[in-house]
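A short worksheet on the structure shown next.
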Amino acid sequence: MSTRAPAPAGGPAGSIQGTVRRLVVFLLLLVLVIVAASGLTGLFGRILDAGNTLAGDGAAGLALWMAFSLIGGPLAAILCAAVWRRAADPVERASLGWGLYLAAVMTLSLAVAASSLLGTAASAVTGSTGGWASEVAAALVWGGVWWWHLRMWGHPAKGPLLLATLPMVLGALFGLVVGAVNAARLLEALFETALRGAGQFVLGRPWWSTAVEALVWLAGGAVIWWWHWFRRGARSLSGGFADVALVLVGVLAAVLAALGGAGTILFVLLRLLADRTTTGSVVLAPVPLAAAAALTGGLVWAYHRPILALRAAPTRRAGLLVVCGAALAGAATGLGIVVNALLSTAGAPLAGPGGSLTLLLAGVSALAVGGPVWWLVWRTVRAEDPDGRRVYLVAVFGLSAVTALVTLLVVGYRLFEFLLGGVAGTGLVERVRAPLGLLAATALVAGYHFAVWRRDRAVLAARAPLPPEPPGAGPRVGHVLLLAGYDAGPLAEALRAGGERKVSLWRAAPDPSPAREDSTGDVPGAGAGEPATAAPLSRLHGPGEVLAALSGLDAPAALVSLRADGGIGVVPLERDPG
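Heads up: the sequence shown begins at 28 in the working numbering, then just goes up one per residue.
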């Protein structure tokens, strides 16, 4: 008789049955918690709002909240107790669903409770008390949900083992976004007041009302971010979602805000200098928001740069490449707008009514801001490390292909529409100039990055390991004299990797004298009429091709010359006995 213990009810740890069962249970628990919390929020809001009766005209709403509370609440409590009891099992505790459930509920409850509390505080400070009962009720109920799940998350014996740090990262991310957005709102209100002057009213509100509300939200977001970032240790987390959030929010979103704001400010300045057809108040209207976005994005980016420098090499490289991508997108957009504006001059003057001067200045501004940033950051990516750039290059090719396809379809549609006479009163250039400008910028970006991709591919091929030689055969050529270009270092190292043959590299000088350029030598393997010192670039050849050229050759040494047409010359050598 077998003495093996029966399997648990949910199935073994890695079984599909157990995984599906846990996912269904946690999803059902999440729905019940949301339903119960929504019902309790509605009931508490009715109780706190002393101006209205419990039933009255809102009987349907009261019935809904009572159903959510009195039916969903007990069901959620029963299921939560069962899940909490099973969390003592190591299999349940190490499940992915347990970590995802806690992260989802903690993030959702934190967002709702904090938003309700900060909204109530901002309304109270500015003197607006409408709807305070529902906001306070939501803050109390969802704050209690967050606190209860925080205790479950931090339990030493039942807390999640997988995705245990995800709630802290998401909480810090929420606080950072709330703080940064409202810091930009506060700065925008201050800059707008400085431009227009104090004492202005917006929709019947004083000028300081928006600033005070933004200040309250900024303080709340800063507290949430500080508690998760420092007290809970989200700052020291690395790898996984922590690095993804750092790159996407701390770097990419901040860079987009900074570059967008800087480009808008430059556009306003150029328009003030070159465009005299509009008033100054109209031109200066975007400045407060642009300056606030540029300053806030720059501060967030500057704070996260030293933190990014402490991460692993792939994360640091990803941070650089997303900056390259953001700046490249801005520069390419600016170039497309410039082409669009130049094409528009075929049917209208550049300046004056109906001119394209404003469009041209917008393109120049985007190109002037995005281009230098892209070039400076792109230069810091090490050219001898192409592995980290392959994902970036593939992403650029993919986006370029999609953009080119869409613009070609638009150009074709506008062309056929014009030929069929579907639209009258507009010329062909006027109809296709916008997609043509975008297509020209896309082609330029794709062409440059395709050249970079080919160069990186050649470098990777030169670094590839050599193919294995037949057992016992050994190298028939013991000494290889490699005559190649000035960049043949990686190729020579690859040939030396096996340690079975000696490789001597003779490089061509990168800048030979004119006298040497005009002369031809009797270099073995060189083509007729080719300069002896004009050795080609080694990126045309790989170590496998060199070994294939040496296969079957039995000599003490061989002279291998790499030609510019991609060919390889091999001359066997032997020592002079005299």
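Ideal Cβ placement from N, Cα and C applies to all residues, glycine included. Quantities reported herein were computed from a predicted structural model and do not represent experimental measurements.
Using the Cα positions of residue i and residue j, report the straight-line distance between them to the nearest angstrom.
| i | j | result |
| --- | --- | --- |
| residue 260 | residue 398 | 37 Å |
| residue 596 | residue 406 | 36 Å |
| residue 468 | residue 383 | 19 Å |
| residue 116 | residue 126 | 14 Å |
| residue 197 | residue 57 | 17 Å |
| residue 599 | residue 510 | 14 Å |
| residue 310 | residue 303 | 10 Å |
| residue 317 | residue 294 | 11 Å |
| residue 51 | residue 280 | 35 Å |
| residue 15 | residue 519 | Here the chain comprises residues numbered 28 to 605, so residue 15 is not present and cannot be evaluated. |
| residue 154 | residue 167 | 21 Å |
| residue 184 | residue 110 | 14 Å |
| residue 277 | residue 205 | 13 Å |
| residue 534 | residue 515 | 7 Å |
| residue 541 | residue 460 | With a pLDDT of 47 at residue 541, under the threshold of 50, the modelled position of that residue is not reliable, and the figure given next carries that caveat. Going from the Cα of residue 541 to the Cα of residue 460 covers about 48 Å. |
| residue 210 | residue 442 | 47 Å |
| residue 223 | residue 213 | 15 Å |
| residue 245 | residue 66 | 30 Å |
| residue 152 | residue 436 | 54 Å |
| residue 144 | residue 235 | 21 Å |
| residue 424 | residue 403 | 21 Å |
| residue 476 | residue 267 | 28 Å |
| residue 531 | residue 585 | 10 Å |
| residue 505 | residue 581 | 9 Å |
| residue 447 | residue 440 | 11 Å |
Which same chain residues, not among the five before or five after residue i, have their C-beta less than 6 Å away from its C-beta?
| i | result |
| --- | --- |
| residue 360 | 393 |
| residue 103 | 59, 60, 63 |
| residue 149 | 240, 243 |
| residue 269 | 196 |
| residue 49 | 122, 124 |
What did DSSP end up calling residue i once you bin it into helix, strand or coil?
| i | result |
| --- | --- |
| residue 531 | strand |
| residue 115 | coil |
| residue 266 | coil |
| residue 586 | strand |
| residue 599 | strand |
| residue 505 | strand |
| residue 467 | helix |
| residue 510 | strand |
| residue 483 | helix |
| residue 122 | coil |
| residue 308 | helix |
| residue 594 | coil |
| residue 287 | helix |
| residue 313 | coil |
| residue 238 | helix |
| residue 70 | helix |
| residue 458 | helix |
| residue 260 | coil |
| residue 45 | helix |
| residue 578 | coil |
| residue 448 | coil |
Since residue i contacts residue j with CB under 8 Å, what's their CB separation in whole angstroms?
| i | j | result |
| --- | --- | --- |
| residue 587 | residue 575 | At roughly 11 Å, the Cβ-Cβ gap does not stay under 8 Å, so residue 587 and residue 575 are not in contact. |
| residue 353 | residue 282 | 5 Å |
| residue 430 | residue 387 | Residue 430 to residue 387, Cβ: 21 Å. No contact. |
| residue 371 | residue 457 | 7 Å |
| residue 140 | residue 180 | No, residue 140 and residue 180 are not in contact; Cβ-Cβ is about 16 Å, not under 8 Å. |
| residue 472 | residue 355 | 7 Å |
| residue 92 | residue 70 | 5 Å |
| residue 289 | residue 391 | That pair is no contact at about 13 Å. |
| residue 364 | residue 389 | 6 Å |
| residue 633 | residue 187 | Nothing about residue 633 can be read from this structure; the chain reaches only from 28 to 605. |
| residue 573 | residue 522 | 6 Å |
| residue 238 | residue 323 | The pair is not a contact, with the Cβ atoms about 15 Å apart (cut-off 8 Å). |
Please work out which residues of its chain come closer than 7 Å, Cβ to Cβ, to residue i, disregarding the five sequence neighbours upstream and downstream, and give them in chain order.
| i | result |
| --- | --- |
| residue 191 | 126 |
| residue 146 | 162 |
| residue 274 | 342, 345, 346, 349 |
| residue 199 | 252, 255, 256, 261 |
| residue 479 | 420 |
| residue 215 | 315, 316, 319 |
| residue 602 | 583 |
Tell me which same chain residues have a C-beta within less than 8 Å of the C-beta of residue i, skipping the five on either side of it?
| i | result |
| --- | --- |
| residue 483 | 413, 416, 417, 420 |
| residue 138 | 201 |
| residue 434 | 462, 463, 465, 466, 469 |
| residue 351 | 401, 404, 405, 408, 419 |
| residue 133 | 173, 176, 177, 180, 194, 197, 198 |
For this session: Go through the segment 155-234 residue by residue and report every complete run of the alpha helix (DSSP H) that reaches 4 residues or more, in order.
Result: 159-180, 193-223
Problem set entry | Complete beta strand (DSSP E) runs within the segment 324-408 (minimum length 3 residues, chain order) | none
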